[in-house]
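First the structure, in the form of structure tokens, and then the observations on it.
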Ligand SMILES: C[S@@+](CC[C@H](N)C(=O)[O-])C[C@H]1O[C@@H](n2cnc3c(N)ncnc32)[C@H](O)[C@@H]1O
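Numbering (my numbering), first residue to last: 8 to 315.
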């Protein structure tokens, strides 16, 4: 196990979460907020597929003897291609479940989890969470205006985030007293005076002073209803990770399910978006990421927060 950085408020580990999590103490983290691979090979990234054979099979069938540029294009083209067979589903769960089971052990009783899932494989992600011991509590739908339509599919404008929980020990009241976990933080997440709900609206990525056509926030504002919803600008951090997440959204998630001072755990840390949000919200962060290039980006981002 390689400890990459230990700086008081955060710890980053490089390696496979399935292995590294086994060394963490039980009942020690206050929440799990994570964005696991979706199983699609996004932008040709092998880390995003649980079935490298599947991608290489596609590649072989269609693109042998093509130029490097064409091959790169082919992988990007095929990203979004899921192995939706039963075997594909079983492989997907087999990869995620042990990591969720270890995360469940590391979480304090009553702690919540928010786990991103793809619209086509969210049932596999939810099943893997449930089989790992979590209770599924809800789903938060994050709507944005900038999905890229893929031939034969609906244009994807919604990201599901599964809300799950480790069972509390005894009553919720006693669990909160003993572990500081067990309830959602409603008040800091109110929209005006309104109760937080399970829909989140994000601006279109290209909204500036003016909103882009199709921005859901603009659409609702026109109908005079925008105040019903939490609004987060969907400006993704500028780094080379293809799925880094907007800081306002991740801060909202941290606030909703974590008390200040607690540890937020992310076993699929990528470029550290969860960590940035956790530190800005006065929480601690423990992240794991397999790829060294992403660890480098995350380290720089987290140190920047600590040093300012
Ligand atoms: C969808 S991305 C997360 C992106 C992240 N939210 C961010 O802000 O950059 C999933 C990440 O999990 C990493 N990963 C996949 N399997 C892993 C494993 N078994 N252990 C550790 N990291 C893993 C990938 O390298 C990838 O960076």
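We put the beta carbon where it would ideally sit given N, CA and C, even for glycine.
C-beta atoms of residue i and residue j nearer than 8 Å
| i | j | result |
| --- | --- | --- |
| residue 284 | residue 294 | no |
| residue 36 | residue 103 | no |
| residue 313 | residue 287 | no |
| residue 281 | residue 270 | no |
| residue 170 | residue 206 | no |
| residue 120 | residue 39 | yes |
| residue 189 | residue 175 | yes |
| residue 122 | residue 186 | no |
| residue 21 | residue 264 | no |
| residue 161 | residue 151 | no |
| residue 218 | residue 259 | no |
| residue 19 | residue 177 | no |
| residue 112 | residue 25 | no |
For residue j and residue i, the rounded distance between their alpha carbons
| i | j | result |
| --- | --- | --- |
| residue 99 | residue 135 | 9 Å |
| residue 257 | residue 291 | 14 Å |
| residue 132 | residue 124 | 6 Å |
| residue 118 | residue 309 | 24 Å |
| residue 82 | residue 307 | Because the pLDDT of residue 82 is 44, which lies under 50, any placement of that residue in the model is unreliable, and the question is left without a value. |
| residue 278 | residue 251 | 6 Å |
| residue 267 | residue 289 | 5 Å |
| residue 253 | residue 179 | 31 Å |
| residue 17 | residue 229 | 42 Å |
| residue 199 | residue 193 | 12 Å |
| residue 166 | residue 298 | 24 Å |
| residue 184 | residue 139 | 25 Å |
Residue i Cβ short of 7 Å to ligand 1 heavy atom set
| i | result |
| --- | --- |
| residue 291 | no |
| residue 281 | yes |
| residue 105 | no |
| residue 188 | no |
| residue 297 | yes |
| residue 253 | no |
| residue 44 | yes |
| residue 260 | no |
| residue 166 | no |
| residue 163 | no |
| residue 274 | yes |
| residue 25 | yes |
| residue 278 | yes |
| residue 306 | no |
Supposed close pair residue i, residue j - CB separation, criterion 8 Å
| i | j | result |
| --- | --- | --- |
| residue 211 | residue 221 | 6 Å |
| residue 110 | residue 45 | The Cβ separation is near 18 Å, so there is no contact. |
| residue 106 | residue 274 | 5 Å |
Continuous alpha helix (DSSP H) assignments of at least 4 residues falling wholly in the segment 126–192: Qualifying alpha helix (DSSP H) stretches, in chain order: 129–138, 179–186.
List in chain order: all unbroken beta strand (DSSP E) runs of 3+ residues lying wholly within the segment 271–313. Entirely contained in the segment 271–313, the beta strand (DSSP E) runs reaching 3 residues are, in chain order, 291–296.
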